[in-house]
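End of the sequence shown = 1007 in numbering that gives the first Met the number 0, gap-free, step of one. Cβ atoms here follow ideal geometry from the backbone N, Cα and C, with glycine treated the same way. Quantities reported herein were computed from a predicted structural model and do not represent experimental measurements. What follows is a single structure, written as structure tokens, with notes after it.
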Amino acid sequence: MIPRIKTRESSLLPGAGFFERLLEAGFAGDIETSAASRTVLSTDNSIYQIEPAGILFPKDIEDMKALMRVLSEDPFRGLRVVARGGGTGTNGQSLTDGLVVDCSRHMDRVLEIDPVRRVARVEAGVVKDQLNRALEDHGLFFAPELSTSNRATIGGMVSTDACGQGSCLYGKTSNHVLGLRMVLTDATDWWSRPLDDVSLAEIKSRGDRVGEIHRTVDRIARDERARIEEIFPRLNRYMTGYDLAHIRRDDGRFDLNAIICGSEGTLAMIAEIELNLLPIPKYAALVNIRYDDFNTALEDARSLTALNVASVETIDEKVLGLAKGDIVWSGIARFFPDDQRGPANGINIAEVLADDPVELEQKLMAVTSALARADVVRNIGLTIAREKADVEAIWAMRKRAVGLLGNVEGPVRPVAFVEDTAVPPDNLAAYIREFRALLDAAGVSYGMFGHVDAGVLHVRPALDLTRDDHVPLIREITDAVVALTRKHGGVLWGEHGKGVRSEYVPEFFGDLYPSLQQIKKTFDPENRLNPGKIATPDDGALMKIDEIPLRGSVDRIIGNEIRAVFDNAAYCNGNGACFDFDETSPMCPSYKATRNRVYSPKGRAALMREWLRLLVEQGVDPREEAVRLRNSNKVIGLVRRAFNSLNPANRTDFSHEVRAAMDTCLACKACAGQCPVKVSVPAFRSKFLNLYYGRYLRPLKDPLVAGIEATLPLMARIRPLYNLLAGTAAGRAAMKLVGLTALPKMPPASPLAGLGVPTADAEQIMKMSPEARGRTVVFIPDAFTAHFDPKVVVAAVEVARKLGLSPFIAPPLTNGKALHVHGYLDRFEKAAVATLRSLNRLATIGVPLVGLDPSMTLAYRSEYMTLPKGLSHATVLLPQEWLAANGKDLAEAVRRQAVATVRLLPHCTERTNIPSAVAQWKAVFGTLGIDLQVADAGCCGMAGTFGHEARNREISETLYAMSWAEQIAAGEDGTVVMATGYSCRSQVKEIDRRTIPHPLEVIRDLLS
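In structure tokens, the structure reads:
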């Protein structure tokens, strides 16, 4: 039995009464100080870990002002504050042991769009892709591109002066900032916009903080003009933050925003941003060029840049190889085919933009012709992507490159600390050769890709920071890269900010560093805002890369063996892909519904990692505890669990906070398929629940839900009584008492009985002739579909017969997924082993086995893989996989005219874990003469048993309203809307009182 776990209180908790005083001052947002929240926000996408004292989620600028007023009071002047956006920084920019101010939860409103002036005004927590979606109908977009655009906030982009692919054409965030509304440390609310000399003089004459700031910055710009021109590199990626070189704009106006953009929250709190917008390019295409090696790709990239393409991206063989194993690859593989000599070891992606199709083709011809007539043809082949969906898919692969570098086996993994250097593009090839030689000499592997047109290189050396011999390499490699970068006229931080790397600021800024200190002191005289980053007032110390706690120090305690057992939880690198704002994307539904980062894969992984650390520190090995739990006396265990559940001393057990986060997980497995690092929350969640409920009593609903497959046959016998519970107000109220709700009614006796479908028996099928066996199929209906939606089983049988096949139904088998989801791992293993043996007997006779529900069927490919070694694993096909294999028979059997529009809502698990699943459905319906539409929708909210649990119902219905309600309403115009998941169809029936078909039902009706 695991022990009670105590967490350390933050050593820098605010003084007594701080949060109470904050509320008195009018703060209306959320205040979180739980160990769970502090743990989740103690990391970002960097190698560092610093636990904050608390987290504030302001609702508006008034909350920011209230905070600054309270921090100016004597008892609280020593508190440190850091603003946080998407939390995807690679250099610890938003990590602090003070207070975190997170605008992403509430301050996420697009306040104004002026399509005539091409201006938008947004709050700091608006996500870039969220803004661009709002702008799309106006034909406009916010241009700076980021790989994290689906979770990066505009406030965070301003704070790091973010940019990425296409920066040579569109510039950086600062090039598009028209105005910043900020809160200064004295609570002044100030809009900063470019000023002419008359306006500047007027503001400089003020006697307040605003006047002092403008006087200081203007004086430095004038007095240090010559040194600024000498020191600041003439790069597309010049030194961001405290940008002295651009205080005076090209039109002569004074622009304080040049100082604020890239300042990483060290000068002021940003509340609102006014942005310049651009017209969306009407036509785009990508030229995808393959090479034998990365160096050749780099050298060729310079010639591509000279062809006036919009952007050039280069990717090395390591990143390309990882991409081939990612879920996005199936949609773009045809653009990167293997050649006779083997796969490409480097690629260039050149973007071409145009205002009309003719111009686009002319530009493409210019690029391809130039490549073909080069003195030496360097590439081994190219393809062109013209369709918008293809272009977006290829860019999606490129965006996932950073995260993909973390998707490797073992503890040695690529990490970020020198990953965004920038040099003049003409120097890049030579620079990279020396960079690679440097890393090779250090004995580390790495992956590389970059924005070659801008001279930016992304590289992550592979290290295990739990190892004593690897930790010093952070210093050694960084120092060497700083020297190499300066040698080639570049900067260390070309894209991702300074953060913990601020110790190198004085070296790069030279004798201008005291000017930065003066600016910092004028804005923040008490060094309250993100101290230790970029500049400090007076002689304050800057952060150093080897003096900040590393994540590896925590992981060293856990140990590699335990880390390896818990399904990549401890290897989450914080890339934040699970924070995707888009309600139509599958990952992560619980985060989308709550906007609480604790309820995300990143959050749960962080909590699991901390829980493992605390266990190990108490001398507990969770693997051994699982074995002891399995062999323990169940009666004695029940008594101990009851005592622990009632004992007040256990109320502060950190395990409760971890369990609360796990409770909101839908177990949809979107993370297992879509997370670049393949963090699988359902997998480690079940292991946690198994151990947690070895110490505490389970809620009443758990044994009912977990045992549902065993009890459904009994419920079928007493159907009227069950339907009273499920279908009447009194019955539903009674079920709510045990934690269940929205239970489906059970239909009349299954119509299968009248179809004469034999039960599959391996011995009987073996007696059939080889020809007859070759025309046999065995369906494996899950208990939920068989009992609550049997017409789908009937449809499967009838489709098989119309294809000239002999269908059989497998005998009732316990799939065990519900057991696994709720952490009944011993019972799951026992049931799954028995089921697998039955399936293996059927598989050995060579007939296809076909499941009907995606989630249940795919359990045979995931949960069943955890069973003891030595068991063979029968392949159970998804319906579309089986139908695709019978495409010829399907085409010959079509008799009815196809319906006008058919739209599919695939189950989240098949959509995210089987890359070919949706394409196979499209191919199947294409065979039937139907151009299948695939709905752009996220999670329906039911997710197996999740939506049937009363505590989850609010989240469940919130998710349904986000994207499914609109899709189901589309069925009112005659569109046939289908769903592959039983739980999805059940949710539609519960909320919209509509019955939608499984694809097999639609296919059945189209066949003769």
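Which same chain residues, not among the five before or five after residue i, have their C-beta less than 6 Å away from its C-beta?
i: residue 902; result: 932, 934, 974 and 976
i: residue 678; result: 567, 571, 600, 604 and 670
i: residue 77; result: none
i: residue 91; result: 45, 47, 498 and 499
i: residue 951; result: 945
i: residue 213; result: 202 and 203
i: residue 111; result: 120
i: residue 84; result: 152, 154 and 155
i: residue 496; result: 90, 92, 159 and 263
Cβ of residue i within 8 Å of Cβ of residue j?
i: residue 875; j: residue 779; result: yes
i: residue 269; j: residue 243; result: no
i: residue 215; j: residue 150; result: no
i: residue 794; j: residue 1003; result: yes
i: residue 656; j: residue 33; result: yes
i: residue 29; j: residue 104; result: yes
i: residue 624; j: residue 4; result: no
i: residue 282; j: residue 352; result: yes
i: residue 404; j: residue 321; result: yes
i: residue 120; j: residue 139; result: no
i: residue 51; j: residue 100; result: no
i: residue 178; j: residue 191; result: yes
i: residue 67; j: residue 185; result: yes
i: residue 193; j: residue 108; result: no
i: residue 38; j: residue 606; result: yes
i: residue 504; j: residue 547; result: no
i: residue 998; j: residue 920; result: yes
i: residue 35; j: residue 597; result: yes
i: residue 667; j: residue 938; result: yes
i: residue 928; j: residue 820; result: no
For residue i, which residues in the same chain have their Cβ closer than 8 Å to its Cβ, ignoring the five residues on either side in sequence?
i: residue 864; result: 872
i: residue 363; result: 284, 286, 351 and 383
i: residue 428; result: 294, 297, 298 and 301
If contacts are defined as beta-carbon pairs under 8 Å, then residue i and residue j qualify, I think. What distance do you get, rounded to the angstrom?
i: residue 327; j: residue 267; result: Contact flag wrong, Cβ pair sits at about 39 Å.
i: residue 1009; j: residue 675; result: Residue 1009 lies beyond the range of the chain shown here (0 to 1007); nothing can be said about it.
i: residue 102; j: residue 176; result: Contact doesn't hold; Cβ gap of about 16 Å is too wide.
i: residue 544; j: residue 502; result: 7 Å
i: residue 846; j: residue 881; result: Wrong, their Cβ atoms sit about 11 Å apart, outside the cutoff.
i: residue 959; j: residue 788; result: Contact doesn't hold; Cβ gap of about 18 Å is too wide.
i: residue 620; j: residue 561; result: 7 Å
i: residue 612; j: residue 556; result: 5 Å
i: residue 628; j: residue 690; result: 7 Å
Go through its chain and collect everything with a Cβ distance to residue i's Cβ below 7 Å, but skip five positions before and after it.
i: residue 1008; result: Nothing can be reported for residue 1008, as the shown portion of the chain is limited to 0 through 1007.
i: residue 715; result: 745 and 786
i: residue 692; result: 822
i: residue 406; result: 321, 675, 676 and 677
i: residue 484; result: 420, 422, 490 and 491
i: residue 130; result: 109, 119, 121, 141 and 153
i: residue 1007; result: 801, 892 and 894
i: residue 445; result: 413, 438, 458, 459, 460 and 461
Using 10 angstroms around the beta-carbon of residue i, count the other beta-carbons present and answer buried if the total reaches 16, otherwise exposed.
i: residue 816; result: buried
i: residue 271; result: buried
i: residue 254; result: buried
i: residue 750; result: exposed
i: residue 361; result: exposed
i: residue 713; result: exposed
i: residue 324; result: exposed
Can you find at least 3 beta carbon pairs, one from the region 766-778 and one from the region 802-818, that sit closer than 8 Å? yes
Are the region 470-485 and the region 120-136 touching by the rule of at least three beta carbon pairs closer than 8 Å? At 8 Å Cβ cutoff, the stretches do not touch.
Would the region 291-299 count as touching the region 311-318 if we require 3 or more Cβ pairs under 8 Å? The region 291-299 and the region 311-318 touch, with no fewer than 3 CB-CB distances between them shorter than 8 Å.
Contact between the region 449-462 and the region 404-413 is defined here as three or more beta-carbon pairs at a separation below 8 Å; is this criterion met? yes
Would you say the region 638-649 touches the region 676-696, given that touching needs at least three Cβ pairs under 8 Å? yes
Inspect the CB distances between the region 443-454 and the region 155-172 and report whether three or more fall short of 8 Å. Counting Cβ pairs under 8 Å, three or more are found: they touch.
So, does the region 983-990 touch the region 731-751, judging by three or more C-beta pairs under 8 Å? yes
Would the region 907-923 count as touching the region 848-862 if we require 3 or more Cβ pairs under 8 Å? yes
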